[in-house]
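To start, the structure under review is shown below, and the notes come after it.
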Amino acid sequence: MTAPTEVTTPVGPERLVGQGLDPNQRESGDRAIHAIFTDAKAGPETDLVITFRDCAYEVWAKRGMIRFQRFYAEAGGYDYRIIEQIGDNPIANEDYTAIATIDEELSASKASGFPGIEPNTAYVEPEHVSYPYAFERIAQLFDSPNAPDIAINPKPYAFGRKPGQHGALDVIQARSPLVFSGPGVRKGIRTDTRSRQIDIAPTIAHLCGFPLIDGQDLTGRTSSERGVRPDVYLKRQDGHVLGAIIDPEDASRPQRAYILLLDGQSNTELKWRLENDADAIPNLRRLINKGTMFEYGSITNFPSITWPSHNAIGTGVWGGHHDIVNPTYYLRETREVVTPQGQQFDTAKFLGDGAETLYEAFHRVYGPWQGEHGAFTASIHEPCTRGADHATLERKVVGDRDRLRELTQQFAGDTSSKWLADDHKPAQGESIVDGRGVAQAIVLYTDASHPPPAFMFHEFTITDGVGHDYGPHSEGQRTALDETDVRVGRILDALDGAGLYDDTLFIITTDHGMAPVDASLKATQVRAVLDAGMKAVTADPLIYLIDMAVTITAHEDGRTAMIEVLANDADASGERPPVVGAEITLSGRGAKVVGRASTDSGGTCGLALPVDAEPGELYLTIHHEDFNARRLRLDGTAIVEDIRGLLYGALA
Ligand SMILES: [Zn+2]
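The sequence shown begins at 11 in this note's numbering and counts up by one.
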């Protein structure tokens, strides 16, 4: 171990290939940041523009900007230090206790200048939210080669086209409810301690008696690389065990774990229901009353969106480490946009090798499932699937199909009449899917062909769909939660009947929060970059700039120079392919054009330099219709506008 340098050398992205802005992207990066904030539509909707360059993470906002670096912390994990600040630090408020009730949502909305009367339209301005774990959640994103050059964080009420939304960094969109309930867990407790969604998997592993192993932590270094004894439960483990829930008086160990994931359920809404209307959700109340609930919920991945967030829960690592960085993202090496969330099925293949899922970990510890032996694991409608023996979204369905059909029919009455009365086909469809999920669960716990699932990860979808369409604090959302509670009750009854209830560890959570959003904005802030005429692949809220790498070699005689133009992103071979037909203009004093050339099939060309011009006055512009233009001095340095001055004026 080289301890002295460890605390003083900044630690940049893992596996750095193209994420963030490299020296060839200085001009396009600044242009994109400026374009977003000055766009007539996107500018007023944008909270943060985030990137990495020059060994530092950058967070830009209209109210100010910071650059920060990360370092190995002596106590483990990372420390973060700000190295530049103009105006306000936009992510200074990391308070995880902020906006913890519907009343607090209303006050924050009122403080933001909105009426602050109706919870379902309680919009909040960035100055009145917090960003828990902002530094860690921003930095982790850029650890994946799939990470963008630039990420946008919209204002809390400006992310998309529906009355309820999530995806952003702020506490409203990033906070999930979290409850642990079962053997070994403190009972009847509301804890005010903090949690991140990456802490769930290690806590399950700990309660289920997994051995500690020599695996990677948040920093990507194994226990032995960090000079300590095995100290993690998973091959990679960004999170840690949530000690606040462990009951020191209860030494019993769960025989199995069951995550009930109520997709998109707002924590403030759930708390309101428990305080004001708990009789309507007796089954969730039953689990919560015999367990520990996190008063301030648990903070999820950035972006706080379904596919990355589910996989963070199921692996104990952030999206930047499991590599599903967004519902949709760009693979630079193959020039391909992939959309795990779009395709829904067969998405285990997108999960990076660096992560281990809980299904895989249960198999590692208790053996692969073989007939009546080993650990049987199941994923029901759940986006985290890799390693599960039953996985609906991998089309691996275990269990008697006739019984499945029969139970699905039997539960058809659980669907509220509201969805058809409202002529809301998506909710009707989600309700039917959730009914099938319950049938799958009951079959899996009562089928004699395999042991009951040692680990179950079960997605309930209607709370999300209805949260989006009706809003997080709507009658619709309440009906969706009531319906879901009935389904949870059917599962608990089946487990009771099979004698499996008492020794099962239950976890109630979600993949993200849900914020009231002004749907009339029809917001998609990343468009501003394309509207400014820039070349980029955009996968909301991520931006991948399409740039050229330019090398200028001025020859000794001072009379000629060679220019090489390559695509800035390497392809699958690891090489940067040449840019053919790039038009190069050499200009001198007064922008007078003194030379032109165009690159050949190898991406190169030569230029004669005028002998009567000072080399310091000459500059090159490089244009190609598929790439962002470049403007360089002969020594290769970029000519950039001072965006600090443009954005912050006198402050800069
Ligand atoms: Zn979701």
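Glycine residues also receive a C-beta, built at the ideal position from the N, C-alpha and C atoms.
Counting C-beta pairs closer than 8 Å gives three or more between the stretch 159–175 and the stretch 48–60, which meets the contact rule. Distance from the C-beta of H373 to the nearest heavy atom of ligand 1 is not below 7 Å. Rounded to whole angstroms, K197 and A451 show a C-alpha spacing of 25 Å.
When C-beta atoms of the stretch 329–348 are compared with those of the stretch 255–267, fewer than three pairs fall below 8 Å, so the two segments do not count as touching.
Every residue with a CB closer than 6 Å to a heavy atom of ligand 1 is listed here in chain order: D273, G274, T316, D474, D521 and H522. Here A267 is bridged, per DSSP, to F465 and L515. Under the three-state reduction of DSSP output, Q95 falls in the strand class. In this structure I562 is not in contact with A546, their Cβ atoms being roughly 25 Å apart against a cut-off of 8 Å. Here the alpha carbons of I309 and H434 stand approximately 31 Å from one another. Between the alpha carbons of Q275 and P482 lies a distance of about 8 Å. By the neighbour-count criterion, in which 16 or more other beta carbons inside 10 Å mark a residue as buried, A121 falls on the exposed side. Residue state for R206 is assigned as strand, using DSSP reduced to three classes. Within the stretch 419–472, the complete alpha helix (DSSP H) segments at least 4 residues long are 428–431 and 435–456, listed from N- to C-terminus. Short of 6 Å from the beta carbon of A542, and not among the five residues preceding or following it, lie these beta carbons of its own chain, in chain order: A45. Here L576 is buried: its Cβ has 16 or more other Cβ atoms, across all protein chains shown, within 10 Å. Restricting attention to A458, D424, I315 and H373, the CA atom closest to the CA of V408 is found in A458.
Cβ neighbours of A215 within its own chain (closer than 7 Å, five residues either side excluded): Y243, L244 and A371. H400 places its beta carbon less than 8 Å from that of L454. Taking a C-beta distance under 8 Å as the contact criterion, F360 and L403 do not qualify as a contact pair. D444 is positioned such that its CB atom lies closer than 8 Å to that of T494. Inter-residue distance for T61 and W70 is about 9 Å (C-alpha atoms, whole angstroms).
Along the length of the stretch 167–241, whole beta strand (DSSP E) runs at least 3 residues long occupy 188–191 and 199–201, reported in chain order. Taking a 10 Å sphere around the C-beta of D209, we find 16 or more other C-beta atoms and assign the residue as buried. Every beta strand (DSSP E) stretch that sits fully inside the stretch 287–349 and reaches 3 residues is listed by chain position as 301–304, 339–341 and 346–348. Here the alpha carbons of P461 and G523 stand approximately 34 Å from one another. If you draw a straight line from the Cα of G301 to the Cα of V189, it comes to about 7 Å. The residue among D550, M466, R497 and T520 with its C-alpha nearest the C-alpha of T514 is M466. The alpha-carbon separation between N34 and L642 amounts to approximately 10 Å. The continuous stretches of alpha helix (DSSP H) do not include F386, and DSSP gives it neither H nor E.
Looking at S426, G174, P221 and G324, the one whose alpha-carbon comes closest to that of A529 is G174.
A contact is defined here as three or more CB-CB pairs under 8 Å, and the stretch 474–492 fails this definition with respect to the stretch 501–510.
A residue is called buried once 16 or more other Cβ atoms fall within 10 Å of its Cβ, and P23 is buried on that count. Beta-bridge annotation (DSSP): N163 is paired with L58.
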